[in-house]
Each structure stands twice: as structure tokens, then as C-alpha cells.
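Engineer: Residues are numbered in my numbering as their position in the sequence shown, beginning at 1, plus a constant of 3.
Every residue gets a Cβ at the ideal spot worked out from N, C-alpha and C, and that includes glycine.
In this text the structure is predicted, and so the values were computed from the model without any measurement.
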Amino acid sequence: MSSARPVPTLRDLESWSFAGTALAVFGHPIGHSLSPPMHNAALAELARADARFASWEYFRFEVHPDDLPRALELAHARGFHGINLTVPHKVIAVAHVREIDPSARPVGAVNTLLRTAGNWQGFNTDGYGLNAAVQETLGRQLSGAHVILLGAGGAARGAAVECLARRCASLWIANRTRQNLDALLDQLRPFASGIPVHGFAPDAPPPQLPSGALVINATSAGLRPADPLPIDLGMLPAPAAVFDMIYNPARTSLLQQAQSRRIPCSNGLAMLVHQGAKSLEIWSGVPATRTSPAMQIAARAALGA
Ligand code: NDP
Numbered sequence: 004m005s006s007a008r009p010v011p012t013l014r015d016l017e018s019w020s021f022a023g024t025a026l027a028v029f030g031h032p033i034g035h036s037l038s039p040p041m042h043n044a045a046l047a048e049l050a051r052a053d054a055r056f057a058s059w060e061y062f063r064f065e066v067h068p069d070d071l072p073r074a075l076e077l078a079h080a081r082g083f084h085g086i087n088l089t090v091p092h093k094v095i096a097v098a099h100v101r102e103i104d105p106s107a108r109p110v111g112a113v114n115t116l117l118r119t120a121g122n123w124q125g126f127n128t129d130g131y132g133l134n135a136a137v138q139e140t141l142g143r144q145l146s147g148a149h150v151i152l153l154g155a156g157g158a159a160r161g162a163a164v165e166c167l168a169r170r171c172a173s174l175w176i177a178n179r180t181r182q183n184l185d186a187l188l189d190q191l192r193p194f195a196s197g198i199p200v201h202g203f204a205p206d207a208p209p210p211q212l213p214s215g216a217l218v219i220n221a222t223s224a225g226l227r228p229a230d231p232l233p234i235d236l237g238m239l240p241a242p243a244a245v246f247d248m249i250y251n252p253a254r255t256s257l258l259q260q261a262q263s264r265r266i267p268c269s270n271g272l273a274m275l276v277h278q279g280a281k282s283l284e285i286w287s288g289v290p291a292t293r294t295s296p297a298m299q300i301a302a303r304a305a306l307g308a
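#1: If you draw a straight line from the alpha carbon of phenylalanine 194 to that of proline 109, how long is it in whole angstroms?
#2: Does the segment 58-76 come close enough to the segment 253-269 that 3 or more CB-CB pairs lie under 8 angstroms?
#3: Do leucine 152 and alanine 158 have their beta-carbon atoms positioned less than 7 angstroms apart in this structure?
#4: Measuring straight from C-alpha to C-alpha, what distance separates leucine 272 and proline 210?
#5: Can you say whether glycine 30 is buried or exposed, counting buried as having 16 or more other CB atoms within 10 angstroms of its CB?
#6: Taking C-alpha atoms, which residue in Pro68, Ala27, Ala136 lies nearest to valine 90?
#7: Fully enclosed by the segment 224-260, which beta strand (DSSP E) runs are 3 residues long or longer?
#8: With DSSP collapsed to three states, give me the class of alanine 280.
#9: Got a sec: does the ligand NDP put a non-hydrogen atom nearer than 6 angstroms to the Cβ of isoleucine 285?
#10: What residues in its chain sit with their C-beta under 6 angstroms from that of alanine 50, if we drop five residues either side in the sequence?
#11: Are alanine 27 and isoleucine 86 close, meaning C-beta to C-beta below 7 angstroms?
#12: Would you kindly work out how many angstroms separate the C-alpha atoms of alanine 98 and alanine 243, rounded to a whole number?
#13: Report yes if the CB atom of asparagine 134 is closer than 7 angstroms to the CB atom of arginine 101, and no otherwise.
#14: Go ahead and pull the three-state DSSP assignment for proline 9.
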């Protein structure tokens with residue numbers, strides 16, 4: 004689709020004009036984002052039933068982190084209705100958005116901005132996406148689950164906050180770098196409200212780990228073929244299911260190990276789709292469950308799956 008065209012940049016935003024309702028994603032890099040095909044497929048379907056969506060279009064812009072404040076200002080001045088933020092803007096944007104939705108505050112990151120009279124309102128739909136994906140692909144609830152979460156970066160923080168908000172039974176977080184793990188554990192303490200939260204090194208799982216846990220990979224280990232496993236599933240007591248947030252490649256070595264051990268597992272494509280559908284709900288008022296099927300088809304097609 005639009006990936007064949009040159010990727011628009013801040014310079015294009017300076018002289019931007021669009022007669023309809025414009026949405027966009029800002030990222031660095033942004034060239035391979037699946038959000039434009041997903042959203043435009045959903046908008047095309049909505050337009051078939053409701054003519055007001057015929058003038059809606061979703062664009063992408065390559066925005067360097069240093070340029071994010073200017074890009075947000077320009078997008079507002081040029082009349083954009085909503086913005087998605089992806090790597091590396093989700094945390095940086097918090098300082099530049101006047102109003103942060105209460106649900107996004109504990110995450111400390113926003114991925115969805117809704118135009119307000121003078122600025123933007125920030126939301127985070129990644130937690131919704133994770134919960135919906137785990138339910139859809141694995142038939143499991145975060146609520147009441149023992150969760151073993153791998154990683155201590157932005158995605159792990161969002162996942163941890165969602166697990167705690169949904170009152171998981173316990174949360175066990177493993178990360179390669181102890182310092183980053185300790186920083187995350189400190190940040191989570193105010194939101195634990197009685198739920199046991201523990202940290203451990205991925206190569207030394209503690210004997211107290213619960214069996215039947217839901218394992219969630221929120222590390223980037225698995226994006227490249229040479230990456231190590233984020234954890235050896237053989238060291239965990241009978242995990243019930245494995246969810247890997249990575250969706251490209253579709254089968255990481257963690258998922259291959261889960262399959263070979265007959266542990267139900269899923270990649271992160273459904274999470275991407277559901278967080279996108281929730282963003283569109285914030286902008287359009289159309290329930291996410293109505294647009295997610297079209298987004299899923301478009302995402303699969305864009306990945307060549
Ligand atoms: P960050 O850069 O913030 O964090 C990366 C994490 O991965 C850190 O915990 C880091 O550990 C760990 N890590 C990186 N390389 C390795 C390695 N070789 N071995 C072990 N651990 C490693 O990234 P994000 O949190 O933003 O993203 C993490 C992943 O989640 C990405 O793959 C991203 O694509 C995916 N994601 C998927 C989404 C979806 O919708 N499906 C949504 C958001 C993210 P350390 O602290 O030691 O450096």
C-alpha cells in the first residue's frame with residue numbers, strides 16, 4: 004500500500020493540507036508501520052455503512068524525537084483529529100500533552116492522542132490490546148492469573164500496569180539487566196495494592212514460581228533470528244500459556260519452544276490490532292470490536308501472512 008510512496012516527514016507537515024478528517028502515526032522509524040493499512044482498511048469498511056467516514060484518512064510521518072513537540076504543534080494547527088505515537092515517542096510525548104487520561108498515567112506513556120480545543124488528550128491503548136489479545140488468542144484472562152512477565156522496558160511497564168489493574172493473582176518479572184528490573188519494580192509498587200510482585204533473573208528462576216502461569220514476553224529478544232531466548236521455558240514450572248508481544252517474525256524461538264512443549268501460545272499481532280481498534284474507538288466513537296476484524300485482515304495482508 005502506501006509503503007511504496009516516500010515516507011512524509013516534518014517538512015511535509017509544515018505545508019500539510021487535507022480537506023477530510025486526518026489521523027496519523029508518528030514514529031522513528033515509521034516506514035514499516037502496519038497502522039496505516041490497518042486503520043485505512045477499518046475506515047473504508049466504516050465508510051460503506053456511514054458516509055461520514057468517507058473523508059477520514061490515516062497517514063504516517065517520520066518524526067525524529069527532537070522534532071516531536073513541533074510535530075504535535077503542527078498537527079494540531081493543521082487540523083489533525085488524532086495521532087498515534089510509536090517508538091520512540093510514547094514516553095517523550097507525556098511531557099508535551101496537556102491532558103493525560105487517568106488510565107494512562109500509571110503507564111507513563113501515551114500511544115493515542117485525541118484533539119482537544121487547544122492541545123491533545125493522551126491515552127494508552129496497549130493494555131487494552133494485551134488483555135483483548137490474551138483473551139482472544141489464548142482464551143485466558145489477566146484477571147486472577149499468575150503472570151510471568153519478561154522484560155522491563157516500556158511494553159513491560161504497560162503490561163505490568165494492566166495485569167495489576169485487572170488484579171492478576173501474582174506478578175513475576177524477569178529481566179536481563181537487574182538495574183532496569185529494580186527501577187520497574189519501584190515504579191509498580193504504588194499500583195500493586197496487595198498483589199505480590201517479584202523480580203528475578205531470567206537465568207535463575209526462583210523455586211517459588213507458581214505453576215500454570217501465563218508467560219508474557221515483553222522483551223525485544225526474538226525480533227532478530229540470532230537473539231537468545233528471553234527465558235528457557237523448560238526452567239519454569241508447567242506454564243499454562245505463552246504470549247509473545249512480537250509479531251514479526253510470527254514465530255519467535257520462544258513460540259517455537261512453547262509449541263514443541265505443547266504449551267498454547269500466541270504472537271503479538273492480535274495485540275497490535277486491538278490497541279489500534281481501541282485508538283479508532285477513541286477518535287470515532289465506533290466500538291473497537293466492530294473495527295478489529297478489518298484491521299486484523301489488513302495487518303495479516305501487510306505482513307504477507
Ligand atoms: P524497550 O526497548 O523499552 O525494552 C526492551 C526490553 O527487552 C528490555 O527489558 C530489555 O532488557 C529486553 N531485551 C532487549 N534485548 C534483549 C536480549 N537480547 N535478551 C534479553 N532481553 C532483551 O522496548 P519496548 O518495551 O518498547 O518493546 C519490547 C517489545 O515489545 C518489542 O519487541 C516490541 O515490538 C513489542 N511490542 C509489541 C506491541 C504489540 O502491539 N504487539 C506493542 C508494544 C511493544 P534490558 O533491560 O536488559 O535492556
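Structural biologist: From the atom records:
#1: 8 angstroms
#2: no
#3: no
#4: 32 angstroms
#5: buried
#6: Valine 90 has its Cα closest to that of Pro68, out of Pro68, Ala27, Ala136.
#7: 244-247
#8: helix
#9: no
#10: Phe56, Ala57
#11: yes
#12: 39 angstroms
#13: no
#14: coil
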